[in-house]
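J.: Quick note: the sequence shown uses numbering that gives the first Met the number 0, first residue 0, plus one each step. One structure follows; several queries about it will come next.
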Amino acid sequence: MEGSRIAAFVSKNQDYYLKTWEVCGSDGHKSFRFNWSAAFFGPAWLIYRKLYKPLLFVIFIFFSDVIAVYYLNNTAHISDIELVRWRVTSHFIYGFLIGKFGNYWYYKKFKKISTWSEYASDEDEKQRAYLRKKGGVNFIGTFFFVFIILTPMFI
């Protein structure tokens, strides 16, 4: 039952998430595998997997970092090489954190929506339909995010 619910929710890469989440207890506190896709693609992966709350958190942290860099550049008179080191280091940290916690965030969302689906209907097929609707992937949002990020490079 749980495997078919995960398959309905995840849609793409079901085998990966079935294998990753099978080690989790009901509390979700067991160790999760590092998600390399999440680490390399960061916010685009969060949009693709419809993880909007963690995305807002990452955006908040990113803009806080941008403000810190602006402050350091204009008031502390930090050299350009130090600013580049700061940016590179912060991007590695963002990638690591999203890669480390991506599977956890996705699992927590699955558990929450799975619980909601049980309240929505007693029928398994309706529950799986609800999981497919609320889960799955967001190709359009990911496309627009990548388009917005890449467009300035070509102007």
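For every residue, glycine included, the Cβ atom is placed at its ideal position computed from N, Cα and C. All of these numbers come straight from a predicted model, not from anything done at the bench.
(1) Between the C-alpha atoms of residue 16 and residue 9, what's the straight-line distance to the nearest angstrom?
(2) Counting pairs of beta carbons, one from the segment 94-113 and one from the segment 130-141, are three or more of them closer than 8 Å?
(3) Can you give me the C-alpha to C-alpha distance between residue 44 and residue 76, rounded to a whole angstrom?
(4) To the nearest angstrom, how far is the alpha carbon of residue 0 from that of residue 31?
(5) Alpha carbon to alpha carbon, how far is residue 100 from residue 118? Give it in angstroms, no decimals.
(6) On the three-state DSSP scale, how would you describe residue 63?
T.: So, to answer that:
(1) Each residue's Cα considered, the two are about 8 Å apart.
(2) With a cut-off of 8 Å on Cβ pairs, the segment 94-113 is in contact with the segment 130-141, counting three or more such pairs.
(3) So the alpha carbons of these two residues sit roughly 35 Å apart.
(4) Unreliable positioning characterises residue 0 in this predicted model, as indicated by a pLDDT of 48, which lies under 50. The coordinate reading is nonetheless provided below. Looking at the two C-alpha atoms, the distance is approximately 22 Å.
(5) Those two C-alpha atoms are separated by around 28 Å.
(6) Here residue 63 carries a helix assignment [DSSP, helix/strand/coil].
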